[in-house]
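*Asks:* Dropping the structure in here first, questions after.
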Amino acid sequence: EPEVTQTPSHQVTQMGQEVILRCVPISNHLYFYWYRQILGQKVEFLVSFYNNEISEKSEIFDDQFSVERPDGSNFTLKIRSTKLEDSAMYFCASSVTGTGVTDTQYFGPGTRLTVL
Amino acid sequence: EDQVTQSPEALRLQEGESSSLNCSYTVSGLRGLFWYRQDPGKGPEFLFTLYSAGEEKEKERLKATLTKKESFLHITAPKPEDSATYLCAVQAYGNQFYFGTGTSLTVIP
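So the sequences go chain by chain: G and C. The numbering of the first sequence is my numbering, which starts it at 471 and goes up by one. The numbering of the second sequence is my numbering, which starts it at 237 and goes up by one.
Structure representation (structure tokens):
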């Protein structure tokens with residue numbers, strides 16, 4: 471069964487450093503997403519991406535964040551200068567269909583980011 | 237403001253003791269309501285999608301129902317392996333999902 475994969479499973483970084491989290495969405499999916507979950511809190515939407523551009527983003531997704539689909543399979547989230555409060559589990563998700571259509575999002579296993 | 241509230245926060249059941257989890261929502265224009273299961277340290281695992289009031293979906297011991305204001309996840313004769321956090325998410329517009337804080341279910345053998 472196809473699944474979303476994420477690497478690394480755990481990333482430890484120093485405050486102020488740049489990190490790149492990687493995701494491989496399900497191959498026939500067109501929409502890609504990043505969410506984060508701070509320990510003990512709810513899953514929060516960060517950004518959605520379609521047709522090589524951001525389609526929606528939340529207020530959390532400020533100028534420190536960027537997303538990219540560098541090739542036909544990978545989808546990345548870059549945090550330019552990490553802060554302590556960026557420590558969280560980051561989930562990538564993908565769905566089949568495009569804008570305005572309800573569709574199930576399938577989630578990856580997550581990358582736990584720890585900022586020291 | 238769009239909001240999703242789940243109750244109870246935590247639920248302990250004896251094996252075989254049926255119960256229901258609640259997800260109430262206030263969103264402008266519900267496009268879909270989703271139930272996920274999340275095990276510790278893992279990503280949400282899709283269970284059900286509900287689109288309109290009156291709709292029901294079933295999978296093994298789980299049954300999800302939807303009204304205009306809330307959804308229930310009924311668990312019939314649960315087993316210890318059903319222990320997990322159950323998340324509710326709604327899609328109001330665009331492609332954003334709004335998640336509730338989840339119900340942590342523990343099934344005791």
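Note that CB positions come from ideal geometry on N, CA and C, so glycine has one too.
Quick one: using the 10 Å Cβ neighbour count with 16 as the cut-off for buried, is Gly542 (chain G) buried or exposed?
*Replies:* When all chains shown are included, Gly542 (chain G) counts as exposed.
*Asks:* Within its chain, find whatever has a CB closer than 6 Å to the CB of Lys548 (chain G); leave out the 5 residues flanking it on each side and keep chain order.
*Replies:* Hits under 6 Å: Ile490 and Ser536.
*Asks:* Which residue wins for smallest C-alpha separation from His499 (chain G), given the options G:Ile508, G:Glu514, G:Val482 and G:Val474?
*Replies:* Here the closest residue by C-alpha is G:Val474.
*Asks:* Return the bridge partner residues of Asn258 (chain C) from the DSSP annotation.
*Replies:* Its beta-bridge partners are C:Ser243 and C:Phe308.
*Asks:* For Gln487 (chain G), I'd like the list of residues in its chain whose CB is within less than 7 Å of its CB, leaving aside the five on either flank, ordered along the chain.
*Replies:* Answer for Gln487 (chain G): Thr552, listed in chain order.
*Asks:* Find the residues of chain G that neighbour Lys295 (chain C), judging by a C-beta separation of less than 8 Å, and give them in chain order.
*Replies:* Per Cβ cutoff of 8 Å: no residues; Lys295 (chain C) is ~14 Å from chain G at best.
*Asks:* Using DSSP's beta-bridge definition, name the partner residues of Ser340 (chain C).
*Replies:* In the DSSP output, where bridge partners are listed per residue, Ser340 (chain C) has C:Ala246 and C:Thr321.
*Asks:* Within 10 Å of its beta-carbon, does Gln332 (chain C) have 16 or more other beta-carbons around it, so buried, or fewer, so exposed?
*Replies:* Burial call: buried.
*Asks:* Quick one: is Pro280 (chain C) near chain G, going by C-beta distance under 8 Å?
*Replies:* Closer than 8 Å to some Cβ of chain G, the Cβ of Pro280 (chain C) qualifies, so yes.
*Asks:* Run down chain G in chain order and give the residues with a C-beta less than 9 Å from the C-beta of Leu323 (chain C).
*Replies:* In chain order: Lys512 and Val513.
*Asks:* Which class does Thr569 (chain G) belong to by DSSP, given the choice of helix, strand or coil?
*Replies:* For Thr569 (chain G), the predicted model reports a pLDDT of 48, less than 50, meaning its position is unreliable; a value from the coordinates is still stated below. In this structure, Thr569 (chain G) counts as coil in the three-state DSSP scheme.
*Asks:* Measure the C-alpha to C-alpha separation of Lys305 (chain C) and Leu586 (chain G) and round it to an integer number of angstroms.
*Replies:* Approximately 42 Å, taken between the alpha carbons.
*Asks:* Looking at the C-beta of Phe335 (chain C), does it have a partner C-beta in chain G at a distance below 8 Å?
*Replies:* Output row for Phe335 (chain C): interface = yes.
*Asks:* Using the rule of at least 16 other Cβ atoms within 10 Å of the residue's Cβ for burial, across every protein chain shown, is Thr584 (chain G) buried or exposed?
*Replies:* Exposed, because fewer than 16 other Cβ atoms sit within 10 Å of the Cβ of Thr584 (chain G).
*Asks:* Which residues of chain G have a Cβ atom closer than 8 Å to the Cβ of Gln332 (chain C), listed in chain order?
*Replies:* Neighbours of Gln332 (chain C) on chain G, chain order: Phe515, Ser518, Glu526 and Ser528.
*Asks:* Starting from Lys295 (chain C), follow its DSSP beta bridges and name the residues at the other end.
*Replies:* According to DSSP, which records beta bridges pairwise, Lys295 (chain C) is partnered with C:Leu298.
*Asks:* For Met559 (chain G), count the other beta carbons within 10 Å of its own beta carbon; 16 or more makes it buried, fewer makes it exposed. Which is it?
*Replies:* By the neighbour-count rule (16 or more Cβ atoms within 10 Å), Met559 (chain G) is buried.
*Asks:* For the stretch 517-536 of chain G against the stretch 501-509 of chain G, do three or more pairs of beta-carbon atoms, one drawn from each stretch, fall closer than 8 Å, so that the two count as touching?
*Replies:* Yes, since at least three Cβ pairs between the stretch 517-536 of chain G and the stretch 501-509 of chain G fall closer than 8 Å, the two stretches touch.
*Asks:* For a quick check, are the C-beta atoms of Leu302 (chain C) and Leu286 (chain C) less than 8 Å apart?
*Replies:* Their beta carbons are under 8 Å apart, which means Leu302 (chain C) touches Leu286 (chain C) by this criterion.
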